[in-house]
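Everything below concerns the one structure shown next.
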Amino acid sequence: MFDSTIYLLSLVIALVAGLCSGYFLRNRKRVNFGKFTFGVILILIFSLGFSIGSNNALLNSLPHIGLNATVILLFVLAFSVLLVKVVKKMVKIE
Amino acid sequence: MIKYIVVALLVGGVAGYLNSNYGSITAGNFVSDYLFNASLLLLLFIMGVAFGMDKESIAKMKRVGFRILLFPFAVALGSILGGVVSGIILGINITASMAVGAGYGWYTLAGPLTNQLFGAEWGALGFTVNFLRELFTIMTISLIVRVDKYAPIALGGATTMDTTLPIIVRYCGSDTLITAFSSGFVLSIIAPFTITAIAALPH
Chain A
33 MFDSTIYLLS
43 LVIALVAGLC
53 SGYFLRNRKR
63 VNFGKFTFGV
73 ILILIFSLGF
83 SIGSNNALLN
93 SLPHIGLNAT
103 VILLFVLAFS
113 VLLVKVVKKM
123 VKIE
Chain B
7 MIKYIVVALL
17 VGGVAGYLNS
27 NYGSITAGNF
37 VSDYLFNASL
47 LLLLFIMGVA
57 FGMDKESIAK
67 MKRVGFRILL
77 FPFAVALGSI
87 LGGVVSGIIL
97 GINITASMAV
107 GAGYGWYTLA
117 GPLTNQLFGA
127 EWGALGFTVN
137 FLRELFTIMT
147 ISLIVRVDKY
157 APIALGGATT
167 MDTTLPIIVR
177 YCGSDTLITA
187 FSSGFVLSII
197 APFTITAIAA
207 LPH
């Protein structure tokens with residue numbers, strides 16, 4: 033619990049630091065970070081894949097519980113999207 | 007673009023598998039912890055800068071205001087409802103399948119917590135469903151974004167504050183940064199409480 037609190041906080045701090053820096057630099061010329069960002073995204077996704085691949089317990093449990101997991105997942109996703117759409121309509125967010 | 011992402015995920019998966027079986031623990035920890043956190047923090051910072059510099063995004067954010075907080079609650083309710091309906095259809099413990107849904111994609115939390123509250127079998131399911139939620143969001147984002155601009159945020163659940171955030175911003179537009187981050191943040195905070203609260207229901 034303590035670990036995850038620190039984790040959440042570090043993400044918020046990184047984002048807020050970026051937002052403030054960007055806000056102070058807002059009248060400067062815009063720099064395009066697109067390519068660089070995409071490179072870092074690939075590193076992030078690679079390391080995500082890496083920790084999944086390292087998790088033998090997870091890989092072993094996938095085949096037995098695959099069907100139940102898939103059914104639960106599909107309903108969870110469908111209802112999440114449905115309710116988000118409903119809320120969007122209700123409060124009129126474009 | 008999604009091709010490169012899927013390739014990076016697969017190559018990472020194979021590398022992680024080989025490393026955990028034949029490689030070194032130090033290298034594994036370096037990639038899973040250090041590299042992962044460093045790239046994530048860097049991305050959050052850069053996306054923050056880009057958003058802060060973008061006057062249009064800020065103006066749009068101000069128009070929407072506190073209404074964006076409704077998103078995470080819609081996702082939470084939808085996830086729990088999905089757990090109920092799938093529990094009924096599969097004829098399994100409905101309380102437990104609700105708790106699995108209430109992991110909102112945060113599998114490192116949902117796995118151990120459902121394991122503790124409902125037993126090992128549910129722990130494995132809590133882990134898998136939420137892990138697949140993250141994977142599914144990454145793999146299908148280019149299609150799902152056509153259903154609705156905010157649908158990837160609904161799919162991503164709690165992961166929209168970290169792993170899926172950079173991809174969501176790429177596909178849904180930079181103005182979705184704060185919506186996605188705050189939704190993931192709220193869901194991450196309420197996940198442990200909703201799972202525990204659901205476990206307190208009769209089952």
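Chains A and B supply the protein sequences, listed in that same order.
By my numbering, the letter at position 17 of the first sequence is numbered 49, and the numbering carries on one by one without gaps.
By my numbering, the letter at position 48 of the second sequence is numbered 54, and the numbering carries on one by one without gaps.
For each residue, glycine too, the CB sits at the ideal point set by N, CA and C.
Burial state of residue i, where buried means 16 or more other Cβ atoms lie within 10 Å
i             : result
residue 172/B : buried
residue 62/B  : exposed
residue 45/A  : exposed
residue 158/B : buried
residue 118/A : exposed
residue 156/B : buried
residue 89/B  : buried
residue 95/A  : exposed
residue 32/B  : exposed
residue 88/A  : exposed
residue 139/B : buried
Neighbour list for residue i in chain A, Cβ cutoff strictly below 9 Å
i             : result
residue 169/B : 76, 77, 80
residue 161/B : 109, 112, 113
residue 18/B  : 77, 78, 79, 80, 81, 82, 83, 84, 85
Closer than 8 Å at the beta carbon, the chain A residues around residue i
i             : result
residue 59/B  : 54, 55, 57, 58, 60, 62
residue 53/B  : 47, 50, 69
residue 208/B : Here the premise fails: no neighbours, minimum Cβ distance about 20 Å.
Residues near residue i in its chain [Cβ-Cβ closer than 7 Å; skip 5 each side]
i             : result
residue 209/B : 99, 101, 102
residue 148/B : 8, 177
Interface partners of residue i on chain B, CB under 7 Å
i             : result
residue 97/A  : 130, 131, 134
residue 117/A : 154
Close beta carbons around residue i, own chain, < 8 Å, minus the five adjacent residues each side
i             : result
residue 26/B  : 34
residue 36/A  : none
residue 128/B : 99, 102, 105, 106, 120, 121
residue 210/B : Because chain B spans 7 through 209 in this model, residue 210/B falls outside it and cannot be assessed.
Residue i, enclosing alpha helix (DSSP H) - first and last residue
i             : result
residue 64/A  : Neither: residue 64/A is in no alpha helix (DSSP H) and is coded neither H nor E.
residue 122/A : 88 to 123
residue 159/B : 157 to 162
residue 191/B : 183 to 205
residue 44/B  : 42 to 59
residue 128/B : 126 to 153
residue 92/B  : 76 to 96
Whole-Å CB distance - residue i paired with residue j, under 8 Å assumed
i             : j             : result
residue 180/B : residue 57/B  : 6 Å
residue 197/B : residue 113/B : Actually they are not in contact, since the Cβ atoms of residue 197/B and residue 113/B sit about 11 Å apart, beyond 8 Å.
residue 123/B : residue 105/B : 7 Å
residue 125/B : residue 111/A : Actually they are not in contact, since the Cβ atoms of residue 125/B and residue 111/A sit about 25 Å apart, beyond 8 Å.
residue 72/A  : residue 49/B  : 5 Å
residue 15/B  : residue 80/A  : 7 Å
Within chain A, partners of residue i - CB distance below 7 Å
i             : result
residue 45/B  : 72, 75, 76, 79
residue 180/B : Per Cβ cutoff of 7 Å: no residues; residue 180/B is ~10 Å from chain A at best.
residue 48/B  : 72
Close beta carbons around residue i, own chain, < 6 Å, minus the five adjacent residues each side
i             : result
residue 141/B : none
residue 186/B : 159, 166, 171, 174
Proximal chain B residues relative to residue i, where beta-carbon distance stays under 8 Å
i             : result
residue 38/A  : What residue 38/A touches in chain B: nothing, since even the nearest Cβ is about 11 Å away.
residue 120/A : 154, 156
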